[in-house]
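Chains as they are written, first to last, in the numbering used here: chain A, 1 to 115; chain B, 116 to 227.
Ideal placement from N, C-alpha and C gives every residue a C-beta, glycine not left out.
Quick caveat: nothing in here was measured; it's all calculated off a predicted structure.
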Amino acid sequence: DAGITQSPRYKITETGRQVTLMCHQTWSHSYMFWYRQDLGHGLRLIYYSAAADITDKGEVPDGYVVSRSKTENFPLTLESATRSQTSVYFCASSESSAGRTDTQYFGPGTRLTVL
Amino acid sequence: AQSVTQLGSHVSVSEGALVLLRCNYSSSVPPYLFWYVQYPNQGLQLLLKYTSAATLVKGINGFEAEFKKSETSFHLTKPSAHMSDAAEYFCARLNRDDKIIFGKGTRLHILP
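Structure, rendered in structure tokens:
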């Protein structure tokens with residue numbers, strides 16, 4: 001009964017390094033999402049995916065890359081980390097489209113610090 | 116732009132007292148609205164959602180919210196606060212492009 005998991009839970013990296021945050025869900029949900037949470041901004045959508053091999057930008061996609069080769073995995077990559085990307089990152093999934101009658105289920109989050 | 120506004124980044128209530136967390140939405144068309152809760156060091160959990168079926172929506176843990184079109188509000192209430200209710204609460208709405216937009220959150224403190 002794993003649900004949705006994220007790894008690592010904590011990560012410290014340096015400016016300019018590439019970092020990949022992993023997200024895995026066991027429900028075979030079609031939709032997956034990446035958010036970042038920052039004080040004073042709430043949650044902001046970075047990227048989302050409607051199905052394997054289908055991804056789209058959210059509100060704040062710059063500096064991030066995603067892929068979805070398998071339904072259950074949705075990794076988020078920071079190609080060249082910057083200090084402004086220090087944040088808590090949440091992955092979420094839902095059976096179908098983001099709202100309507102379907103609930104988004106959130107992972108526990110990854111706290112990323114970029115030095 | 117479509118948005119939700121949460122009034123008060125911090126709210127403190129005494130244990131046993133009424134909890135009222137305020138949320139207003141911007142739109143002339145009633146949207147789908149949600150309340151999520153985030154406990155410390157955890158992800159968000161859905162408390163309740165409004166999908167136009169009924170204006171008073173009951174959620175988990177004794178919470179409910181009332182959709183008021185005339186006030187463009189969707190305030191969250193609980194009659195009697197419990198220490199375990201201490202958390203951050205997010206109001207959210209569904210945008211036209213089917214993405215959820217979150218408010219900035221209200222941290223609820225419960226005083227013994």
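Can a CB atom of chain A be found closer than 8 Å to the CB of residue i?
i, result
"B:F205", "yes"
"B:Q117", "no"
"B:L159", "yes"
"B:K173", "no"
"B:G123", "no"
"B:K217", "The question names Lys, yet the displayed sequence has Phe at residue 217 of chain B. Closer than 8 Å to some Cβ of chain A, the Cβ of B:F217 qualifies, so yes."
"B:G220", "yes"
Give every residue of the same chain whose Cβ lies closer than 7 Å to the Cβ of residue i, excluding the five residues on either side of it in the sequence, and list them in chain order.
i, result
"A:K57", "Y47"
"B:Y140", "V119, P146, L148, T187, F189 and R208"
From residue i to residue j, what does the alpha carbon distance come to, in whole angstroms?
i, j, result
"B:G177", "B:V134", "11 Å"
"B:G131", "B:I225", "9 Å"
"A:S7", "B:K183", "41 Å"
"B:V152", "B:L161", "6 Å"
"A:V114", "B:G158", "21 Å"
"A:S93", "A:E14", "29 Å"
"A:L39", "A:S84", "12 Å"
"B:A180", "B:Q117", "20 Å"
"B:R137", "A:T55", "34 Å"
"A:G107", "A:V65", "19 Å"
Apart from the five residues just before and just after residue i, which ones in its own chain have a Cβ nearer than 6 Å to its Cβ?
i, result
"A:V88", "Q37, G109 and R111"
Taking 8 Å as the CB-CB limit, is residue i close to chain B?
i, result
"A:T103", "yes"
"A:P61", "no"
"A:L76", "no"
"A:T110", "no"
Excluding five sequence neighbours on each side, which residues of the same chain lie with their C-beta closer than 8 Å to the C-beta of residue i?
i, result
"B:I215", "F149, A207, R208 and L209"
"A:S28", "T71 and E72"
Could you tell me which residues DSSP pairs with residue i in its beta bridges?
i, result
"A:N73", "A:H24"
"B:K219", "In the DSSP output, where bridge partners are listed per residue, B:K219 has none listed."
"A:Q129", "Lying before the first or after the last residue shown, residue 129 of chain A is absent from chain A, which here runs from 1 to 115."
Stretch-stretch touch, CB-based, cutoff 8 Å, three pairs: the stretch 19-33 of chain A with the stretch 68-75 of chain A: yes
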